[in-house]
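Undergrad: The structure follows.
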Amino acid sequence: MDYSALKKQFDRDGYIVLDRFFEPAQVAHLDGLIRRHYGTDPELQHSNEFLTRSQTDVIPWFPQQQGVTDFDVVQDNPRLKLITDTILGDDWYGEYCMVMFSGPGSQGQAWHQDCPPEHPHRFNLNRLVYTSDVDDETGGQVAVVPGSHRMGLLPPGDPSADLDGQVLLRPRQGTLICLHGHTWHRVLPIKATVRASINYRSAAAGTPEGVTDVCVYRNMRYRFSTASVIEERVV
Ligand SMILES: O=C(O)CCC(=O)C(=O)O
Ligand SMILES: [Fe+2]
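Note that the working numbering numbers the sequence shown so that position 52 is 197, with each residue one more than the last.
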């Protein structure tokens, strides 16, 4: 792998996509655990206000916090560490491993930045691993605006409408996407299947912990720790 080329691509676009980064069989095991954990009718975790206002349909799960160790092997993968070193420099830290689950027919996630972009060097790095294929048939494609991590605030507006310059990513089983937290991104609605991603969130040394507590949507800023809208955004 040409790490310096990947770093250039990440700095230019705000994301990189690496298909087949993990063995399909390895992540298929995690896929099974995820499906078993959520079952057919999982309970929502976020407040109704958040789910309605954010136009975001996800149920998070932090398996490592419940003593499930199966997700560690991906986190400890030497190539994943090398890529992270390349993007974040030495002494970065892992925040947590979070599974994000969306059921059939759910709306995915509206446009957002995982953390406010006012400090360009203060950001989280999403290391997203996909345990099953995402394509036009399943829905749930990841929309990104290349280079938007250098464009400041996501403009206020319609939370889910198409944005100029957006590109759709269709990760497959075993794909790794490294995504800068300031990159404007969303998840398209899910069709007939369930959709899950595993996010091994990390940040460069010196980044304050809890950097992703406030998320920027096109209609609001939302603080997860207090479950509150801290700013209404209007056009
Ligand atoms: O599930 C995805 O593909 C993207 C999730 C996301 O927006 C994030 O982890 O910040
Ligand atoms: Fe996100």
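A virtual CB, placed ideally from N, CA and C, is assigned to each residue, including glycine.
All figures in this text were calculated on a predicted structure; none of them were measured in a lab.
Specify which residues have a beta carbon nearer than 6 Å to any heavy atom of ligand 3, listing them in chain order.
TA: As for ligand 3, it is missing from this structure, which binds only ligand 1 and ligand 2.
Undergrad: When you compare the region 281-289 with the region 355-369, are there three or more beta-carbon pairs, one atom per stretch, that lie closer than 8 Å?
TA: No contact exists between the region 281-289 and the region 355-369.
Undergrad: Taking 8 Å as the cut-off, decide whether the C-beta atoms of Phe167 and Ile232 are in contact.
TA: Against a cut-off of 8 Å, the Cβ pair of Ile232 and Phe167 comes out as no contact.
Undergrad: If you compare alpha carbons, which of Phe195, Tyr148, Arg157 and Met245 is closest to Glu377?
TA: Considering only alpha carbons, the answer is Phe195.
Undergrad: Ignoring anything shorter than 4 residues or poking outside the region 175-257, list the alpha helix (DSSP H) runs there in chain order.
TA: DSSP runs (the alpha helix (DSSP H)) wholly in the region 175-257: 193-199, 217-220 and 223-233.
Undergrad: Going by the beta-carbon positions, is the gap between Val339 and Gly212 smaller than 8 Å?
TA: The answer is no: Cβ separation not under 8 Å.
Undergrad: Flag this pair as yes or no: are the beta carbons of Val244 and Pro187 separated by less than 8 Å?
TA: Contact flag unset, no.
Undergrad: Give me, in chain order, the residues of the same chain whose beta-carbon lies closer than 8 Å to that of Ser373; leave out the 5 immediate sequence neighbours on both sides.
TA: Counting only Cβ-Cβ distances below 8 Å, and skipping sequence neighbours, we find Tyr367.
Undergrad: Can you list, in chain order, the stretches of the beta strand (DSSP E) that have 3 or more residues and sit fully within the region 299-356?
TA: Qualifying beta strand (DSSP E) stretches, in chain order: 312-314, 321-325, 330-332 and 340-348.
Undergrad: Taking its Cβ as the centre, do 16 or more other Cβ atoms sit within 10 Å of Arg346, making it buried, or is it exposed?
TA: Classification for Arg346: buried.
Undergrad: Would DSSP call Val361 helix, strand or coil?
TA: DSSP places Val361 in strand when its eight states are reduced to three.
Undergrad: Would you call the region 293-310 and the region 218-228 in contact, with 3 or more CB pairs under 8 Å?
TA: No: fewer than three Cβ pairs fall under 8 Å.
Undergrad: Ends of the beta strand (DSSP E) at Ala372?
TA: Per DSSP, Ala372 belongs to no beta strand (DSSP E) and is neither H nor E.
Undergrad: Give the C-beta separation of Val289 and Val312 to the nearest angstrom, bearing in mind that I take them to be a contact with Cβ-Cβ under 8 Å.
TA: So it is a contact: roughly 6 Å between Cβ atoms.
Undergrad: Whose C-alpha, out of Pro300, Phe246, Ala150 and His327, is nearest the C-alpha of Leu178?
TA: The shortest C-alpha separation from Leu178 is found at Phe246.
Undergrad: Kindly examine ligand 2 and report whether one of its heavy atoms sits closer than 7 Å to the Cβ of His257.
TA: Indeed, a heavy atom of ligand 2 lies less than 7 Å from the Cβ.
Undergrad: Gly355: which of Tyr238, Gly234 and Thr201 sits nearest, CA to CA?
TA: Of the candidates Tyr238, Gly234 and Thr201, the one whose C-alpha sits nearest the C-alpha of Gly355 is Tyr238.
Undergrad: For Val380, does the count of other Cβ atoms within 10 angstroms reach 16, so buried, or fall short, so exposed?
TA: Looking at its Cβ environment, which holds fewer than 16 other Cβ atoms inside 10 Å, Val380 is exposed.
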